[in-house]
Amino acid sequence: MNVDAKLNVPIARTALLEQEVLSVLEPLRSGWLVQGPKVREFEEKWSVFTGAKHSIAVTSCTTALHLSLAALGFGPGDEAIVPAFTWVATANVVEHLGGKVVFCDIDLETFNLNLESLRGCITPKTKAVLPVHLFGLSVDMAPLLALAKEHGLWVVEDAACGFGSTYQGQHVGTFGDTGCFSFHPRKAITTGEGGMITTQSDALADKLRRLRDHGAAMTDLQRHMGARPYLLADHPDAGYNQRMTDLQAALGAAQMNRAEAIVAERRRLAVIYDQAFAQLPWLTTPARLEGFGHGYQSYPCLFHPEPLNAGSVERVNEQRNEWMDRLQRAGISTRPATHAVHMLSFYREKYGLNPQDLPNARLANDCSISLPLFHGMSEAEQQYVIDQVLAVSF
Ligand SMILES: Cc1ncc(COP(=O)(O)O)c(C=O)c1O
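Its first residue numbered 727, the sequence shown is counted upward by one per residue in this note's numbering.
Below you can see the structure in the form of structure tokens.
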């Protein structure tokens, strides 16, 4: 390879347009910095884009998940089922509320939860299930919702990666009791930190709005627009402060003006990768399923130079890591798709778990690799990644 041609391709890159950068000046100049008119605008645009009846902006997806469970009444002694392969936050919020995390396994084809494993985790104490639409691919929601209904379980969708992801034409986050989105910079739309809760329920939306704002019956914006802004609101709940600032919301709302274009660009990049890697027997690219619109928060692949099982996983993991080292030396950032939470020391020790207890989550942990994909990625950057991947064989 010609060393002069080496590029540096990050795993993701924030690509804000000039007008999006400038959007934060408006709240700075108006002086309304906390949750106010920009949060309202971002929420309205989010509802239009997703089709959700209510959108409630918060400080992160983690707080969105936490607030959702709290608003539903999840508490000490309750169990929640969480797929073992997800970001740790999905499980942590259950712990924060004094609940018990029960991990179900995943399907390696989709990296999403396995329904039969989920069914086997249900006990009389199960109150909630948190399906995670990993990396932008929706969970198969119809059978999941049927199972949840049969057992009277709350469904809190972890749609952190779900921007632009659809199931049978409907945006994720609009199926369960709530949907929770992330605006961390690794996600398609970013506000630095930030999150959004979607819900179709008027009563739940009211409760969520109160809980994010110290339990107040009225927002600051409503109070300031009202006839007697000098009188303080009642606080029917002991709430939290999980309000998004107007600075963040201005940035989010500005990016929503090109939401469709962002999704289309990420899908276009994924098609190019899919075609380039179609012939590699040792790499499985993200699943393309009829009725599932992938949002491509990332481009997670499964690396399998030999059949994956308990006997081969350590060997394959070593090979994957060596391949990641090689790509890193070539200037290309990669990551394991995410981590298996049951293998992290807190959960492993608290619940006495072994990697093999959730065998597919373990295989995904050790043998997955995400390649760089982000809107704003240049043709040269993507071609460089393709050339470097095709330069090796296993
Ligand atoms: C699946 C999943 N859930 C939850 C989160 C937490 O999101 P946030 O960083 O906005 O709290 C993430 C973030 O990476 C995630 O990927």
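By construction, the Cβ of each residue, glycine as well, lies at the ideal position given by its N, Cα and C atoms.
These numbers come from a predicted model, not from an experiment.
Any non-hydrogen atom of ligand 1 within 8 Å of residue i CB
| i | result |
| --- | --- |
| residue 886 | yes |
| residue 858 | yes |
| residue 815 | yes |
| residue 786 | yes |
| residue 674 | No information on residue 674 is available, as it lies outside the stretch 727 to 1120 that the chain covers here. |
| residue 795 | no |
| residue 781 | no |
| residue 910 | yes |
| residue 900 | no |
| residue 1102 | no |
| residue 971 | no |
| residue 883 | no |
| residue 920 | yes |
| residue 977 | no |
| residue 1064 | yes |
| residue 924 | no |
| residue 1015 | no |
| residue 1070 | no |
| residue 791 | yes |
| residue 836 | no |
| residue 812 | yes |
Contact under 9 Å by Cβ, residue i with residue j
| i | j | result |
| --- | --- | --- |
| residue 738 | residue 1012 | no |
| residue 807 | residue 860 | no |
| residue 920 | residue 941 | no |
| residue 835 | residue 1010 | yes |
| residue 993 | residue 1020 | yes |
| residue 756 | residue 977 | no |
| residue 772 | residue 982 | yes |
| residue 905 | residue 776 | yes |
| residue 1146 | residue 853 | With the chain covering only 727 through 1120, there is no way to say anything about residue 1146. |
| residue 1057 | residue 760 | no |
| residue 985 | residue 915 | yes |
| residue 795 | residue 881 | no |
| residue 1091 | residue 811 | yes |
| residue 767 | residue 782 | no |
| residue 832 | residue 1087 | yes |
| residue 1073 | residue 819 | no |
| residue 936 | residue 972 | no |
| residue 698 | residue 1112 | Outside the displayed range of the chain (727 to 1120) lies residue 698, so it cannot be described from this structure. |
| residue 1031 | residue 1042 | yes |
| residue 900 | residue 909 | no |
| residue 889 | residue 989 | yes |
| residue 848 | residue 873 | yes |
| residue 1068 | residue 1051 | no |
| residue 846 | residue 1017 | no |
| residue 1097 | residue 1025 | yes |
Terminal residues of the alpha helix (DSSP H) in which residue i lies
| i | result |
| --- | --- |
| residue 1003 | 985 to 1003 |
| residue 1112 | 1105 to 1116 |
| residue 1087 | 1085 to 1093 |
| residue 874 | 867 to 877 |
First and last residue of the uninterrupted beta strand (DSSP E) at residue i
| i | result |
| --- | --- |
| residue 1028 | 1025 to 1029 |
| residue 922 | 921 to 925 |
| residue 809 | 805 to 809 |
| residue 905 | 904 to 908 |
| residue 898 | Element bounds for residue 898: n/a, residue is neither H nor E. |
| residue 747 | Where residue 747 is concerned, there is no enclosing beta strand (DSSP E), although the alpha helix (DSSP H) it sits in stretches over 744 to 748. |
| residue 884 | 880 to 884 |
In DSSP terms, what residue i is bridged to
| i | result |
| --- | --- |
| residue 1019 | 892 |
| residue 735 | 1058 |
| residue 1010 | 1028 |
| residue 760 | Paired residue(s): none; residue 760 is not in a bridge. |
| residue 847 | In the DSSP output, where bridge partners are listed per residue, residue 847 has none listed. |
| residue 1071 | Residue 1071 pairs with nothing; no bridge assigned. |
| residue 852 | 805 |
| residue 839 | 832 |
| residue 1066 | 811 |
| residue 1097 | 1025 |
| residue 681 | Residue numbering for the chain in the displayed model covers 727 to 1120; residue 681 lies beyond these limits and cannot be assessed. |
C-beta neighbour in chain B for residue i, strict 9 Å
| i | result |
| --- | --- |
| residue 732 | Although the question refers to chain B, the structure presented lacks it and comprises just one protein chain. |
What residue ranges within the stretch 770 to 828 form continuous alpha helix (DSSP H) runs of no fewer than 4 residues, ordered along the chain?
787 to 798 and 815 to 822
Which runs of the alpha helix (DSSP H) spanning at least 4 residues fall entirely within the stretch 918 to 987, listed in chain order?
928 to 938, 946 to 951 and 972 to 982
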